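Colleague: The structure is given below, and queries will be raised subsequently.
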Amino acid sequence: MSAGVAPNAIPAEGYLAGTMRCLDVEVWRQAGNLLDEVIEQVAVPFGVQARVEHIRGVPPVVNTDAETTMLENAARAELGEESIVLVEQSMGGEDFAWILQEVPGSMFRLGTRAPEDPVYDLHQGDYAPDEQAIGVGVRVMAATALRAVRFELAKAAKAANPVRDEAR
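In numbering that gives the first Met the number 0, the protein residues as written are 0 to 167.
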């Protein structure tokens, strides 16, 4: 927020910038219009003009249930139950959300810190991931891909060979 520097003067104009994050795609689609309405309702009684410029970011990441279950099962089988930590949906912005707008899927987060290392924020300048995590991620993704292929093959086989009704 910026609205001048004089502590004893009301500025002629001000500027506010920020991000809007949502957990639901439909809310994300409507959020800009809702913000416009609120700003208008606040500004008008004070005789203030307000202009809002929206630069839409990425939608929220909303994993689909079946794909999430498949991913969780693959990760548990590959790494063991003690390696799996389920977390709430994140307010972070991820480009992967655009893919989930087109196809079902599930995003997972891969821990990249060695147990003895300090905790760093992902955007911290001295963040140093444990590169052994790459192999762990590959194992989970490969195990998930194999499960997905097996599932699709079983579905195709079932469609090609429907069970016949013996009562006919």
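Note that CB positions come from ideal geometry on N, CA and C, so glycine has one too. It should be emphasised that the depicted structure is a prediction, and the values quoted were computed from it without experimental measurement.
Are the CB atoms of R138 and E81 within a distance shorter than 7 Å?
Modeller: Cβ distance not < 7 Å, so E81 and R138 don't count as in contact.
Colleague: For D35 and Q123, I'd like the C-alpha separation in whole angstroms.
Modeller: Straight-line Cα distance between these residues: approximately 34 Å.
Colleague: Less than 7 Å between C-beta atoms, sequence neighbours within five positions excluded: which residues of the same chain meet that for R167?
Modeller: Per-residue confidence for R167 stands at a pLDDT of 47, beneath the threshold of 50, marking its modelled position as unreliable; no derived number is given.
Colleague: Enumerate in chain order the residues of its own chain whose CB-to-CB distance from T18 is below 8 Å, with the five nearest sequence positions on each side excluded.
Modeller: Contacts found: G56, G92.
Colleague: Tell me where the alpha helix (DSSP H) around G134 begins and ends.
Modeller: Run containing G134: 132-159, per the alpha helix (DSSP H) assignment.
Colleague: Who are the Cβ neighbours of G136 in its own chain at under 7 Å, not counting the five residues just before and after it?
Modeller: Only L109 meet the Cβ criterion.
Colleague: What separation, rounded to the nearest whole angstrom, lies between the Cα atoms of A42 and I9?
Modeller: Rounded to whole angstroms, A42 to I9 spans 15 Å at the Cα level.
Colleague: Do you know offhand how far P6's Cα is from Y119's?
Modeller: Spanning the two alpha carbons is a distance of roughly 38 Å.
Colleague: In terms of residue numbering, what span does the alpha helix (DSSP H) encompassing D35 cover?
Modeller: Segment 24-42, the alpha helix (DSSP H) holding D35.
Colleague: Using CA atoms only, rank isn't needed, just tell me which of D129, G104, A30, M0 is closest to N116.
Modeller: A quick correction: the sequence has Asp, not Asn, at residue 116. If we check each option's Cα against that of D116, D129 comes out closest.
Colleague: Kindly indicate the opening and closing residues of the alpha helix (DSSP H) around I54.
Modeller: Segment: none, I54 is in no alpha helix (DSSP H) and carries neither H nor E.
Colleague: Please classify S82: does DSSP put it in a helix, a strand, or coil?
Modeller: DSSP places S82 in helix when its eight states are reduced to three.
Colleague: Could you check whether N72 and S105 sit closer than 7 Å to each other, using their CB atoms as the reference points?
Modeller: Not closer than 7 Å, so no.
Colleague: Under DSSP, the alpha helix (DSSP H) around A96 begins and ends at which residues?
Modeller: Unbroken alpha helix (DSSP H) run through A96: 95-99.
Colleague: Within 10 angstroms of its Cβ, does W97 collect 16 or more other Cβ (buried), or is it exposed?
Modeller: W97 comes out exposed.
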